[in-house]
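Student:
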Amino acid sequence: MMKRRGLWMPLLCMLSAAVVADDYVSLAGGPFHSSLRFGNGDKAVFVAGYQLMSRPVREAEFLAFVETHPQWRRDRIPALFADAGYLAHWPGPLTPRSEALDFPVTRVSWFAADAYCRAQGARLPSWLEWEFAAAADDRQTDARDDAHRRQRVLTGGTPGAYRAAGESEPNVYGVHDLHGLVWEWPWDHASLMAAADSRNVDTENPLRYCGGSALAFSDRRDYAVIKRVALLSALSARTTLSNLGFRCAKELP
78 MMKRRGLWMP LLCMLSAAVV ADDYVSLAGG PFHSSLRFGN GDKAVFVAGY
128 QLMSRPVREA EFLAFVETHP QWRRDRIPAL FADAGYLAHW PGPLTPRSEA
178 LDFPVTRVSW FAADAYCRAQ GARLPSWLEW EFAAAADDRQ TDARDDAHRR
228 QRVLTGGTPG AYRAAGESEP NVYGVHDLHG LVWEWPWDHA SLMAAADSRN
278 VDTENPLRYC GGSALAFSDR RDYAVIKRVA LLSALSARTT LSNLGFRCAK
328 ELP
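The working numbering puts the first residue of the sequence shown at 78, with every later residue one more than the last.
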């Protein structure tokens, strides 16, 4: 154990020092037209101000968490809180691949992501908070009417692929990778669809469920958002996927 810790700890310290200054950015919030209907037709909803991690949680950061909270190791976590894919890409329960320490962590269940954020004095962002930040580009806070941007967002990533956290250019808020190769857990993933309880969905035929999901959207041009909501709504909180990670949020100070 001591030998292994001696190998990883210098790398963890270097990564932590690199992100201290820009770990969270502040978003003032305000009226927002979500692409998802919230029982109010096409009216704007109000998003309160919040802080959001500028980058998704990295493998090195999640390793430090499971070392400190060993109940979340893959060889100790109860099946109630994660499926068999939980951190399955790590060669060992406490040994991620050294070349991937700066990559977004994936194969993490909602339960584990929630526990990580709570341990940092934070929380998972709501869907509206994620969508509010993701509507921005590098010049404007809401760039969703830009047809070229829509196409870039839709085709810009390949599910399941890895890349280093923060590789993309930040948006106007200073947030990276919201439309990258790794998708993210929101706090309220199971309540995004009002038409059905996603936990009772026939998971062997998820397209049957996802096919009708566009009925819940106020802007059906925003297919990049529609497909995220369709997927997230069909997952249980113990699900893990090779292209699903997370970032944390906080209240404004």
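All residues carry an ideal CB built from backbone N, CA and C; glycine is no exception.
#1: According to DSSP, what are the bridge partners of Ala326?
#2: In the DSSP assignment, the alpha helix (DSSP H) including Tyr300 goes from what residue to what residue?
#3: Using 10 angstroms around the beta-carbon of Ala307, count the other beta-carbons present and answer buried if the total reaches 16, otherwise exposed.
#4: Just to confirm, are Arg240 and Gly257 a CB contact at a threshold of 8 Å?
#5: Tell me which same chain residues have a C-beta within less than 7 Å of the C-beta of Val230, skipping the five on either side of it?
#6: Just to confirm before moving on: does the CB-CB distance between Ala212 and Arg200 stay below 8 Å?
#7: To the nearest angstrom, report how far apart Glu208 and Pro181 are at their CA atoms.
#8: How about Thr317 and Gly162: do their beta carbons lie closer than 8 Å?
#9: Using the three-state DSSP reduction, which class does Val259 fall into: helix, strand or coil?
#10: Which residues in the same chain as Pro283 place their Cβ atom closer than 7 Å to its Cβ, once the five residues preceding and following it in sequence are excluded?
#11: May I have the straight-line CA-CA distance separating Asp215 from Thr145, to the nearest angstrom?
#12: What separation, rounded to the nearest whole angstrom, lies between the Cα atoms of Arg184 and Ser111?
#13: Are three or more beta carbon pairs between the region 243–250 and the region 149–164 nearer than 8 Å?
#14: When DSSP labels each residue in this structure, what does Thr183 get in the three-state scheme?
#15: Pro19: which of Phe188, Ala177 and Leu129 sits nearest, CA to CA?
#16: Rounded to the nearest angstrom, what separates Thr218 and Phe109 at their Cα positions?
#17: Which same chain residues end up closer than 7 Å to Phe323 when comparing Cβ atoms and leaving out the 5 residues on each side of it in sequence?
#18: Can you determine whether any heavy atom of the ligand GTP sits closer than 7 Å to the C-beta of Asp265, and answer yes or no?
#19: Got a sec? Which residues, its chain only, sit under 7 Å from Val122 by beta carbon, not counting five neighbours each side?
#20: Could you tell me the boundaries of the alpha helix (DSSP H) in which Leu231 lies?
#21: Is Arg315 near Phe142, with beta carbons less than 8 Å apart?
#22: Does DSSP put Leu321 in a helix, in a strand, or in coil?
#23: Hey, how far is the Cα of Cys194 from the Cα of Trp264?
#24: Run through the region 132–173 for me and flag every whole alpha helix (DSSP H) of 4 or more residues, listed as ranges in chain order.
Tutor: So, to answer that:
#1: DSSP lists Leu129 and Arg200 as the bridge partner or partners of Ala326.
#2: Run containing Tyr300: Tyr300 to Ser310, per the alpha helix (DSSP H) assignment.
#3: When all chains shown are included, Ala307 counts as buried.
#4: Cβ distance < 8 Å, so Arg240 and Gly257 count as in contact.
#5: Residues His256 and Ala301 of the same chain have their beta carbon placed closer than 7 Å to that of Val230, with the five preceding and five following residues left out of the count.
#6: Arg200 is positioned such that its CB atom lies no closer than 8 Å to that of Ala212.
#7: About 19 Å.
#8: Yes; because the gap between Cβ atoms is below 8 Å, this pair is in contact.
#9: In the displayed model, Val259 falls within coil according to three-state DSSP, outside both helix and strand.
#10: A caution first: Pro283 carries a pLDDT of 44, below 50, which makes its placement in the model unreliable, though a value can still be read off. Once the five neighbours on either side are set aside, the close Cβ partners of Pro283 are Ala311.
#11: Going by the C-alpha atoms only, they are around 37 Å apart.
#12: If you draw a straight line from the Cα of Arg184 to the Cα of Ser111, it comes to about 28 Å.
#13: Short answer: they don't touch.
#14: If DSSP states are grouped into helix, strand and coil, Thr183 belongs with coil.
#15: A question about residue 19 goes unanswered here, because the residues of the chain that appear run from 78 up to 330.
#16: Here the alpha carbons of Phe109 and Thr218 stand approximately 10 Å from one another.
#17: Pro133, Val134, Val185, Ala190, Leu201, Glu261 and Trp262, listed in sequence order.
#18: Within the structure as shown, the ligand GTP is missing, as the structure has no ligands at all.
#19: Cβ neighbours of Val122 beyond the five flanking positions: Phe109, Ser111, Phe115 and Leu205.
#20: Note, Leu231: alpha helix (DSSP H), Ala224 to Thr232.
#21: No; because the gap between Cβ atoms is not below 8 Å, this pair is not in contact.
#22: In this structure, DSSP gives Leu321 an extended state, which the three-state scheme calls strand.
#23: If you take the alpha carbons of Cys194 and Trp264, they lie about 11 Å apart.
#24: Listed in chain order, they are 136–145.
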